Each structure stands twice: as C-alpha cells, then as structure tokens.
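Residue numbers (this note's numbering): 25 to 563.
Ideal Cβ positions, reconstructed from N, Cα and C, are used throughout, including at glycine.
In this text the structure is predicted, and so the values were computed from the model without any measurement.
Step one of this worksheet: look at the structure below.
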Ligand code: VG1
Ligand code: CO
C-alpha cells in the first residue's frame, strides 16, 4: 500500500514565528503539504514507535491536509496518531494532548489569527515532545530539507473516517480519534475554581464570548454555558466554519468588531472575551473597557494567589521584548523571576521546563502558563472570571486598582502592512546602523538612554536570538520595531510604543504616545520609505 512519489522542492517553505503559513492558493499547489511533511519526517528520522497528535482549527483545507498527514505518517512508519474528532483541535488543547499522552510531537493545522478560506491563509504548526513548537535550530534543518526533498512516502488508501471516536488501524498505524474538548476541559477544572465562577453566574453575572466562527466554539460552549452556567447564547459565533464566516479571527479591537461594538453599547455584558482561529489568543473586555494584553499579563501575575492551581506560589514570569514592561513591576514586587524573550511562544518553553517561570505573555493577545507549552485563550478568560469571582470586582475596577498600585504603561502597537519585503528589510538594517547615534539625544522632549538590537541568550540551551530593535528613553518609554513572521505576503513592520506614568492613570493612550509615535516614524523614516503616514492597524 505504501507508495514513493517523486517530487520537486519548493523554495518558500521556511517556517516563521509560529509554523509555516501561506496563502491557501499556495498550499493548494501539487505536493506542497507532502513536501513539507516529508521534510519534517526526514529530519525526525526514524518514526518507528513514535506517536503524534494531529488536529486543526477547521479552516479551509484542514480536512484535506489532515488526510495527507495521516497517510504519510503511516507510510513513514509512525506507530500512532491521536487525532481530534473530525480533524478539530485547538492549539492549547493539542499541547495538552501531547503532554498527557507523552507523544513525540504534534501538528496543528492552522494559520492562527490569519483569515481562512480559499482566498485566506493555511498553515501548519509543528510541536515536539515538549508540547511546544520546535526551536529555530530544528526549523532551520527542516527548511534545508524542503529545499532538497525529492520524494515522499504515502499510503495509497481511502480517506480515514475521523467522525467516530475510538481506535482503528490504518496502513499498519494506529489512529485514535479523540474528543478534542474533553481532556482540555478536565485540565481547566483542575486549575480554576469552577464552583466560585458558577456562583458568579448564578448571581446574574453576564458574559459574551466570541469564538469568531473558529475552533474555540465547542470548548467555550462546554465550559462557559454547560459547566459554569453562563446563560445560553453567551457564546457567539460558536460554530467553526471553513472560512470563519468571513471574519478575521484575530481577537483585537479592530477585527473583533462585533464584540467590541456590543461591549461598548448600553447592552454590554459584565464581561466580554474573544479568542483567535486556533484558540491560543484572547481579548478581555469589560463594559466600555478594554484591557491591553500587556496589562492582562501583569494583572494575572499579580493575582496568582486567587487561583487554586497557583495559590502556593509561582516560579516567575516572562514576556516578549515587545510586550509592555507592566509585568516587570509586578515581578519585582513579588520577588519572582522575570525574563524577556523574543517574540514567539517557543522561547518560553525552556523557561517553563526548567521551572524558571510559571506565567508568560505577549502583547499580541497571548497569555498562558506552564500547564501547557502554548498560549491559551480560554485559560486567560477563565483566569479573569476566577479573579472576578474571588474579588467581586469588575474588569475595569481590577485594572484601575492595578494602575493605582503599579502605575500605568500606556501601550499601543502600530502595524504597517503590505510593505515591499526589500524596503522593509532595508529600513530595519539602516535603522539598526543608526541606533548607536541616538543615546543622549533629546527628541520631542524625550531623551534616549539606550538603543540597539534585542538579543536573547537562552539560559537553558545557550542559543542566541536577535529579534527586533529597541529604543529606550530616560523616563522608561520605549519603541520596539520588528518585522512580522506570520504574514503570507509582503512584509509587516510592527512598531510597539510604551510610555509609563506613575500618576497620570486616566489618559488616552494615543494621546500619551503622540510624541513617541512621531519619534518612531521619524527615526525609522517610515513615511519616506513606505509612503505610509499612518499605520494600517492600530491595536
Ligand atoms: C505574531 C505575534 C506573536 C505571536 C505569533 C503567533 O507574530 O506578534 O506575538 O507569537 O504571531 O501567534 P509576528 O511575527 O507576526 O509578530 V498565533 O496566535 O499565530 O500562534
Ligand atoms: Co493563534
């Protein structure tokens, strides 16, 4: 039944910040998925005795790609695949299934927060036995392999029925189809105080969770409505659709517009939240109030003792360099470890495995803990609900009290999208070359204290990673520049701005960042080089 098929390499199968992400039309090319998967299998080497976890966020091509992966894993000699029913599994649930079953790795078919459908994006995230995505050293090897791959192995069999739970044998390999929600829900019940949150809803508390027609609908319905008793209809856009119903499943103020409009109307629920395509991102809202992901990480960390699973203490916390410094002040107050890593969840994995940190987060709406090795959207929502249940305070009250205690990091991210790749690369290179001239200069009233590339030296595997450029000012303000590694066409320049105030707690972030924005635009020559005077997306 095993066929060996000749193929020719593609030159664009390099993974980015989180796996391979391409236009669906690119992925539809002959052997595109086959080449990529065979390259991974070649780098792993012998698949004998190995078990992998497979699922996806249900987007267009999920069903086709998963059949290819099953048939190729079998042909390459894998012992077993654990597959989500109907091919569904969120990224955090997948990490849990890998860890729980001590699997050798896993594949989540998703382009995360990127739009789906025929004209959207498709992607594959690859994790190893840690439950987290592979380090760059491994993805570099896989990329080299994709440039040389000449043939792939596949079982010549009918498509496998993934609708029935249970174990079947296919081409000499075991396939166990599991309920992707069950294990995840059990894990959440072990972490949070479900009884307290249930009481909150019994007392009339209301919420709206927007699954954005992506993978978290079934998880959210089970947890929030069935188990915690949120009124029916609290979870919206809860049926995963191949094109996400046309939505851009990125839970931020721009793309989660339906939820934002609702939460800023007079009909708002007490609590609002959304997740992204594959369920690893979250947005937290109160009535007429938005919590920045950077503040959310700081607030979660400050309140660890309210949560059953963390009440005995946490090791430490880490954030990506681009994320605001709000959590640093919390770490200092609590005397816990604090780390700053490059953008991408994979950089947190060593810190969690070595018990240096328990919590971690990114400004891009990602928060999580060492319960798994991915960021976790529903976990973050439950964390907030648990804080609210334990304190009786509203989202806004919790956040404002946090600012009173620690001061406020005004923080906004500006994305310049669809920039020519060569222009973006040159902009970054030229900017880096100019940065050493900046310290000591005063621009728009702000004095630069230090400027340079962000370099992370991993304390565990001693690898060194350069990611982005940072300008720091004497008053604690910062500008971070980086190029996105998750897009599927052109370049996106991300500019992250932060300004700290201990006393001005109620200002408008954009207003507070007016001068810093001007400096950021001028120093990098963004208008001159890209023709853009405004960002395309502001979050
Ligand atoms: C973006 C975010 C980053 C996140 C990554 C994957 O990467 O900035 O924080 O880890 O997406 O998120 P980039 O390189 O485009 O800035 V997900 O939800 O796509 O797995
Ligand atoms: Co995601």
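Option nearest residue i by Cα separation, candidates the options
i, options, result
"residue 225", "255, 551, 236, 235", "255"
"residue 484", "496, 363, 463", "363"
"residue 552", "526, 530, 101, 451", "451"
"residue 85", "28, 110, 367", "110"
"residue 521", "497, 530, 510", "497"
"residue 401", "176, 208, 175", "208"
"residue 18", "372, 57, 417", "Lying before the first or after the last residue shown, residue 18 is absent from the chain, which here runs from 25 to 563."
"residue 52", "146, 491, 228, 309", "146"
"residue 18", "270, 314, 414", "Because the chain is modelled from 25 through 563, residue 18 falls outside the range shown and cannot be assessed."
"residue 26", "221, 140, 194", "194"
"residue 127", "152, 108, 134, 148", "152"
"residue 312", "423, 246, 242", "423"
"residue 94", "528, 184, 421, 547", "184"
"residue 156", "41, 50, 536", "41"
"residue 138", "512, 550, 538", "512"
"residue 537", "43, 490, 413, 519", "519"
"residue 68", "229, 561, 555, 161", "161"
"residue 449", "539, 554, 419", "554"
"residue 503", "529, 515, 545, 169", "545"
"residue 39", "174, 314, 370, 298", "370"
"residue 75", "130, 266, 240, 299", "130"
"residue 251", "169, 266, 222, 192", "222"
"residue 274", "290, 355, 213, 298", "298"
"residue 124", "77, 89, 168", "77"
Beta-carbon proximity check, residue i vs residue j, cutoff 8 Å
i, j, result
"residue 349", "residue 433", "yes"
"residue 296", "residue 116", "no"
"residue 461", "residue 477", "no"
"residue 387", "residue 352", "no"
"residue 365", "residue 480", "yes"
"residue 178", "residue 102", "no"
"residue 494", "residue 507", "no"
"residue 342", "residue 375", "yes"
"residue 436", "residue 534", "yes"
"residue 122", "residue 202", "no"
"residue 308", "residue 320", "yes"
"residue 236", "residue 261", "yes"
"residue 470", "residue 499", "yes"
"residue 488", "residue 523", "no"
"residue 264", "residue 389", "no"
"residue 560", "residue 439", "yes"
"residue 397", "residue 136", "no"
"residue 413", "residue 293", "no"
For residue i, the residue or residues it bridges with in DSSP
i, result
"residue 76", "105, 129"
"residue 522", "435, 502"
"residue 45", "147"
"residue 313", "310"
"residue 393", "383"
"residue 152", "129"
"residue 507", "517"
"residue 197", "194"
"residue 233", "259, 297"
"residue 26", "179"
"residue 17", "Only positions 25 to 563 of the chain appear in this structure, which leaves residue 17 out of reach."
"residue 305", "390"
"residue 481", "488"
"residue 343", "364, 385"
Rounded Cβ spacing between residue i and residue j (contact assumed at less than 8 Å)
i, j, result
"residue 324", "residue 391", "6 Å"
"residue 238", "residue 361", "No, residue 238 and residue 361 are not in contact; Cβ-Cβ is about 34 Å, not under 8 Å."
"residue 406", "residue 233", "Going by Cβ atoms, the distance from residue 406 to residue 233 rounds to 11 Å, so no, they are not a contact pair."
"residue 336", "residue 211", "Not confirmed; about 18 Å, so no contact."
"residue 564", "residue 80", "Since the first residue of the chain shown is 25 and the last is 563, residue 564 is not available in this structure."
"residue 134", "residue 301", "6 Å"
"residue 306", "residue 404", "4 Å"
"residue 243", "residue 205", "5 Å"
"residue 268", "residue 140", "5 Å"
Any C-beta of chain B under 8 Å from that of residue i
i, result
"residue 266", "Reference to chain B is not applicable here, since this structure consists of a single protein chain."
Any non-hydrogen atom of ligand 3 closer than 7 Å to residue i Cβ
i, result
"residue 156", "With respect to ligand 3, the structure shown offers nothing to examine, as its ligands consist of ligand 1 and ligand 2."
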